[in-house]
Every structure is written in structure tokens, then in C-alpha cells.
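Under my numbering, read the sequence shown as residues 1267 to 1561, first letter to last.
Glycine included, C-beta positions come from ideal geometry on N, C-alpha and C.
Predicted, not measured: the structure shown is a model, and the values here were computed from it.
Below is one structure, written out as C-alpha cells, with a few remarks after it.
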Amino acid sequence: MLPSVVHKKPRRGNFPRPSSLYFGIFCLLFLVAIGNLTWKRPQSLRSLDLRTELDSNQQRSLRRLFDASAEAQLPLEFERPLQSIRSSLRCVGPPDDGDPDHQICKLFNVVVAGDEIYYISDEPEQLPKIDITWLHIYDQMKYLRIKVRRPSELPFDIMSTEVERVKYGVFWFFGSADNYSHDITEYGPAIHSLLCRLLNICMYDKASPLRIFRINQDQLPTDQGIFPPAFREAMQCFSSHPVHKLGDAAHKDKVVLVETGLAGVGEDCRAFHWCSPQWNRKPMQHDMMRSYQQR
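Structure follows, in C-alpha cells:
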């Protein structure tokens, strides 16, 4: 016979009532929720404010970066160099003979574009005549042709056109560039004298920034006729850069800013028949010819 099972009721004082247990759990969850609201929310707000501050700083930095990049889209040497450039000149002479055609002029910040030389000025200016050749009877040009223009009157946009800067330049009229004797014994000493006396460039320097600008136009049809080997060889004694011929198709779209340019043949002369005293010329100085030979 199986023993009977007796069910005993638990004592009431040993375990909490279910209702009080649920109430405690509810209170605990409530306190945790209140803690989250009072402690976590300000943290999130501070993070949001920090992100907003960082975003605004980044925006300002980006704006500065974009503004700077917009100003520096072109290399420094091509960055709108003509916007504030104005030309000027200073002439040496007339010399002792009193002939104004013998003066030599320094041109500052003049622009070469196509077959023209431009003098940039806000007001109309009357420039002096600058003699550029000895052979007045035969040559088509006697005085340097240079046009005075306001910035707004230039034939190109000064705000967008890329401009090549040249530190030193010589504007020279070559009457017979295909004759080696003319190049070496006549033009060479005169150009050397200008460079040595006015720019203190008395010796050959392969790294020299000097450019020679040929300002007359030949009617010869080929490049070899315009720049024959003899002429190129002679001009290499002054500059390693090729001669820039005004009006040449290779420079049609090129704009060059010459920071300091020389123009004028002066009173010194050598070898030409027109170098005799009756034409108010004087021979090249001995020391100058010696330094020319060293060059």
C-alpha cells in the first residue's frame, strides 16, 4: 500500500508576495530609465553640438580652401601678371654729340604680342623716338614701333591670358641677318656694348634669362632664310634662348612681359660705312671690343 502524499503549504514570511516583487522590478526599471534621461541625453546633446561645431569648422576650412584654389588655378608666373602692371622707360642720352637719335632707352614692363610691342599706361603718353638702325636710307624702319595702350585696350584679355615673363630683353633691328660678317663684326659688338654698359652683362652665361627680340620682318619664305645657321650661331654668344622674332607664326598666340628691355643703337658703331665721324658716330671702345672677344 502506497503511502499517502501530504502537501504542506509554504510559510508566508519566507518569500515576498508576487505583487511586491513586480512592484520592485518596476521601480528599478523606472530608476534606470530616469538615469538614462538625466545622464545620457546631455552627453548626446554635447556630442551633437561638438559634431555641429566640427562641421562648421570644416565648412569654413573648405570654403577657404576652395577660395584659395580658385585664386591659384594657374602657376605663379602666369597668375594674371598684367592686371596691375604698368610700363615705364628711362633713356640714357642724348650723348655728347647732342643727337637725340643716339639715345638708348630702358623699357620696363612692356608687352610683346604678335608683331607689336605694347606700352601699358593708364593715361596717353608721348614716348621719345628710339633710333634702331644705322641705315636710314635703305631700311624700312628707323624708330622703334611701340604702341601705348590702356589695359582695357590691349588685344587680349589680361585676366585670363597666360603671360611669359622675361627678365631681360634686347630689341634689335637686323638688316642683313643672313650675312655672317654683319652678325659677328657689326651687330654683335653693338649688342654686347649695350648689355655690358647698361645691364652689366659682359660675359657669356648659359643660364642667363636674356632674350633677343628681332623687331624687323623679313620677306624670306623659309625658316632657314629667316634664321640661317650663321645668325643662330652668332646670337648664341648672347643667350642660349632662341631669338624671338616679332610677327613669327610660332609666336602668334604668345604674350611676353619684358621686365627690362633695351632699345636703341647708341652712338657706338663698328664696321658699317655709316659709322664714320661724318655721321656723328664714334668707333667702339678698345676695352669693349676686348671683352666682346672674350665673350
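Pairing Ile1481 with Ile1398 gives a Cβ-Cβ distance under 8 Å.
Per the Cβ contact rule, the segment 1366-1383 is in contact with the segment 1504-1512 (3 or more Cβ pairs under 8 Å). At a Cβ-Cβ threshold of 8 Å, Arg1547 and Glu1533 count as neighbours. Per DSSP, reduced to three states, the secondary structure at Glu1452 is helical. Residue pairing of Tyr1446 in beta bridges, as defined by DSSP: absent, with no partner found. Leu1528 is classed as buried because its beta carbon has at least 16 other beta carbons within 10 Å across all chains shown. In the DSSP assignment, Ser1557 falls within the alpha helix (DSSP H) that extends over His1552 to Gln1560. The DSSP-derived three-state label of Ile1398 is coil.
If you draw a straight line from the Cα of Ile1383 to the Cα of Arg1416, it is about 13 Å long.
For Met1501, the closest alpha carbon among the candidates His1368, Arg1463, Arg1561 and Val1521 is that of Arg1561. Contact check for Leu1373 against Val1522 fails: the beta carbons are separated by 8 Å or more.
About 19 Å separates the beta carbons of Cys1357 and Pro1390, which is beyond the 8 Å limit, so they are not a contact pair. In this structure, the beta-carbon distance from Tyr1453 to Lys1413 does not fall below 8 Å. Distance from Ser1447 to Met1550 at the Cβ level is roughly 16 Å; contact not present, criterion being Cβ atoms closer than 8 Å. Rounded to the nearest angstrom, the Cβ distance from Lys1520 to Glu1419 is 19 Å, too far for a contact under 8 Å. With 16 or more other Cβ atoms inside 10 Å of its own Cβ, Leu1461 counts as buried.
A direct Cα-Cα distance of roughly 15 Å separates Arg1463 from His1368. In the assembly as shown, Pro1455 is a buried residue. Its beta-carbon has 16 or more other beta-carbons within 10 Å. In the DSSP assignment, Ala1379 falls within the beta strand (DSSP E) that extends over Ile1370 to Ala1379. Distance from the CA atom of Phe1493 to the CA atom of His1517, rounded to whole angstroms, is 15 Å. Collapsing the DSSP output to three states places Ile1457 in a helix.
Between Ser1387 and Arg1352, the C-beta spacing is below 8 Å. Leu1295 counts as exposed, since fewer than 16 other C-beta atoms from the protein chains shown sit within 10 angstroms of its C-beta.
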